[in-house]
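All residue numbers for the sequence shown refer to the working numbering, where the first residue is 26 and numbers rise by one. Where a beta carbon is used, it is the ideal one built from N, C-alpha and C, also for glycine. These numbers were taken from a predicted model, which means no experiment stands behind them. A short write-up of the structure that comes next.
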Amino acid sequence: FGKRGLINQSAALQELNTQYEDFQKFVKQLKSNKILKTLLENPDARQQYQAALRAMVKELEDAE
26 FGKRGLINQS AALQELNTQY EDFQKFVKQL KSNKILKTLL ENPDARQQYQ AALRAMVKEL
86 EDAE
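This is the structure in structure tokens:
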């Protein structure tokens with residue numbers, strides 16, 4: 026039993042693994058996207074961006 030084998034046997038672990046991979050992709054984008062870095066340095070823009078992300082997450086959760 027390896028990590029991948031355990032994940033493949035559990036729907037809950039598969040979902041968590043997918044979320045983890047998505048977050049890792051997002052972190053990678055944050056580190057390499059200069060426009061996004063600049064946006065996040067501005068407190069007001071960062072707050073608006075966070076609100077937009079929360080709204081998107083809520084919309085996705087409501088769609089499930």
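- Within the model, the alpha-carbon separation for residue 67 versus residue 88 is close to 31 angstroms.
- If you look at residue 30, you'll find it in the alpha helix (DSSP H) that goes 28–33.
- Per DSSP, residue 89 lies in no alpha helix (DSSP H) segment and is marked neither H nor E.
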